[in-house]
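Residue numbers (full-length UniProt numbering), protein chains in the order written: chain A, 1 to 256; chain B, 1 to 285. Glycine included, each C-beta is placed from N, C-alpha and C at the ideal position. To start, the structure itself, in structure tokens.
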């Protein structure tokens, strides 16, 4: 824990409540994610995981409390924050190549009216290498498998050189090879000092990839070290009637 | 007597210009699934044409200004919670056209102007029409080149663009305004009803030929120019409507490319492009 306290806070939630218009989606969130740490957002569908990610991006307003990203407001921090959407939310027919998608991660740094430089191309190529898809650079994005598309989107985020990485359900419907590649790339980003927030349904992955867990269902049902927070009691509280206990110390979630 | 004094020469230049413009802008119309919006715009400009005729100002200036208002209304309305882009477009289409009809029915003596407006007459374009089309073409191509990467990101991944801090509403408006200006510039040649052919056909044909974005623009432009010139040529040879000929060439070229792509087995399986994704994409614009 002493090591963690030395690290700077990348994301601070202080009694934060988030709302779409007048409809509160998340209330009273409290916790800190430090640089080099990963936190898993876990909760059922509609729990507000994506909304929290959008609030950290400054796209959904914080109505009470405070969300601080890299020491500033979410909107001010966007330059150092990268977002990885779910691959299947993107049009597979869109005429764009894998390397073009990865280059999109550099757009913010390239700026308006400019074209990618040799350095931008090098960053993009390196990012694609990190997810193991260099050989697919020229392929159309939509021709890749779901897992590969997810890796391309992670490469796009890596190319942006973020200090905070936000991933929305990156492991949904992803094959084992891609899951492994995603986990490795995320681990390397952590090593390099980036903070990672990943929403997932997969408790095993939360254990594997994340130091901390935030249990969400409109409210926060726990935020802290993975082993301490992922208890059967808390999971039952988070998932309501959709959590079943197995052999005393394990819980299976029947409906996500 | 200059080269431009010939009706056929002017028609060929105009056709080539709108061919390039329609092809290039069409790439984004296809990629963002906006053919319906483009169709709606041609009708949405209608009241502007009528009002311009009433006021005695240039018809296409009237159509252009009114069209921009329609674009603005669609962008604002589709951002309202619980509304979607296609609903806003549908209302703009029917509402705009209805307003035009009401204005016409309250007045006499419109019929002549309106025939040219609805089906176009590329053989009637004046030198000043040509200059306007050329200026529009240059401005649209420069803006598209300048905003190319941002327009691409918003088109491909709207949430990602917003997350990166891009002003998505401004970029939406920019793209829709580009389409609108292109529509208004193309209407004298093809007419309100047939303009959509040039903004959809060549780009859709190019999409059948290549997957690569950098090749889509030149191929779509080339197809647009060839269809437009072929339409004018057929029209002058056999004295048939030029706008309709151009639209038919756009359709025939697409048909030929489609058949060729099926023959070559390049047609992607339907499973790769689920209808739900298509609808979702259109709704998200």
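query                                                                                                                          : result
Closer than 7 Å: residue 43 (chain A) CB and nearest the ligand NAD heavy atom                                                 : The ligand NAD is not among the ligands present in this structure, which contains no ligands whatsoever.
Own chain, CB closer than 7 Å to residue 36 (chain B), minus 5 neighbours either side, in chain order                          : 86, 89
For residue 42 (chain A), three-class secondary structure by DSSP                                                              : strand
4-residue-minimum alpha helix (DSSP H) runs that sit fully inside the stretch 108 to 141 of chain A, ordered along the chain   : 118 to 130
CB contact flag (residue 177 (chain B), residue 147 (chain B), <8 Å)                                                           : no
For residue 43 (chain B) and residue 70 (chain A), the rounded distance between their alpha carbons                            : 49 Å
Straight-line gap, residue 16 (chain A) to residue 189 (chain A) (C-alpha atoms, nearest Å)                                    : 27 Å
Whole-angstrom C-beta distance between residue 49 (chain B) and residue 59 (chain B), which should lie under 8 Å               : 5 Å
The stretch 95 to 112 of chain A: positions lying closer than 9 Å to chain B by Cβ                                             : 95, 96, 97, 100, 101, 103, 104, 105, 107, 108, 110, 112
Other residues of its chain near residue 118 (chain B): CB distance less than 8 Å, five sequence neighbours each side excluded : 191, 192, 193
Beta-ladder partner(s) of residue 219 (chain A), from DSSP                                                                     : A:27, A:217
Cross-chain neighbours of residue 59 (chain A) in chain B, by beta carbon under 9 Å                                            : 159, 162, 163
Euclidean distance between Cα positions of residue 169 (chain A) and residue 201 (chain A)                                     : 7 Å
Whole-angstrom distance between residue 215 (chain A) and residue 42 (chain A), CA atom to CA atom                             : 5 Å
In DSSP terms, what residue 83 (chain A) is bridged to                                                                         : A:166
Contact between the stretch 54 to 62 of chain A and the stretch 218 to 227 of chain A (3+ Cβ pairs under 8 Å)                  : no
Assigned secondary structure, residue 34 (chain A) (DSSP; H/G/I helix, E/B strand, else coil)                                  : strand
Integer Cβ distance of residue 232 (chain B) from residue 242 (chain B), believed to fall under 8 Å                            : 6 Å
Interface flag, residue 58 (chain B) vs chain A, CB-CB below 8 Å                                                               : no
Under the three-state DSSP convention, the category residue 282 (chain B) falls into                                           : Note that residue 282 (chain B) scores a pLDDT of 41, beneath 50, so its modelled location is shaky; the value from the coordinates is reported in the next line. Here residue 282 (chain B) sits in helix by DSSP.
Alpha-carbon spacing of residue 74 (chain B) relative to residue 264 (chain B), whole angstroms                                : 40 Å
Cβ distance (whole Å) where residue 81 (chain A) is taken to contact residue 18 (chain A) below 8 Å                            : Between residue 18 (chain A) and residue 81 (chain A) the Cβ distance is about 16 Å, and since that is not below 8 Å, they are no contact.
Neighbouring residues, chain B, relative to residue 140 (chain A) (Cβ below 7 Å)                                               : 211
Which residues DSSP lists as bridging residue 198 (chain B), in chain order                                                    : DSSP lists no partner for residue 198 (chain B).
In DSSP terms, what residue 19 (chain B) is bridged to                                                                         : The partner list for residue 19 (chain B) (beta bridge, DSSP) is empty, contrary to what the question assumes.
When B:132, B:185, B:166 are compared against residue 78 (chain A), the one with the closest alpha-carbon                      : B:166
Residue range of the alpha helix (DSSP H) that includes residue 238 (chain A)                                                  : 232 to 239
Rounded Cβ spacing between residue 188 (chain B) and residue 227 (chain B) (contact assumed at less than 8 Å)                  : Actually they are not in contact, since the Cβ atoms of residue 188 (chain B) and residue 227 (chain B) sit about 17 Å apart, beyond 8 Å.
DSSP beta-bridge partners of residue 224 (chain A)                                                                             : A:213
Top-ranked residue by Cα proximity to residue 238 (chain A), from A:49, A:68, A:104, A:164                                     : A:49
Whole-angstrom distance between residue 175 (chain A) and residue 186 (chain A), CA atom to CA atom                            : 16 Å
Residue-level contact to chain B via CB, residue 74 (chain A), 8 Å cutoff                                                      : no
Which of helix, strand or coil DSSP assigns to residue 19 (chain A)                                                            : strand
Local Cβ density within 10 Å of residue 153 (chain B), reported as buried at 16 or more and exposed below that                 : buried
Stretch pair the stretch 156 to 167 of chain A + the stretch 105 to 123 of chain A: three plus CB contacts closer than 8 Å     : yes
Environment of residue 114 (chain A) [buried if 16+ CB atoms lie within 10 Å]                                                  : exposed
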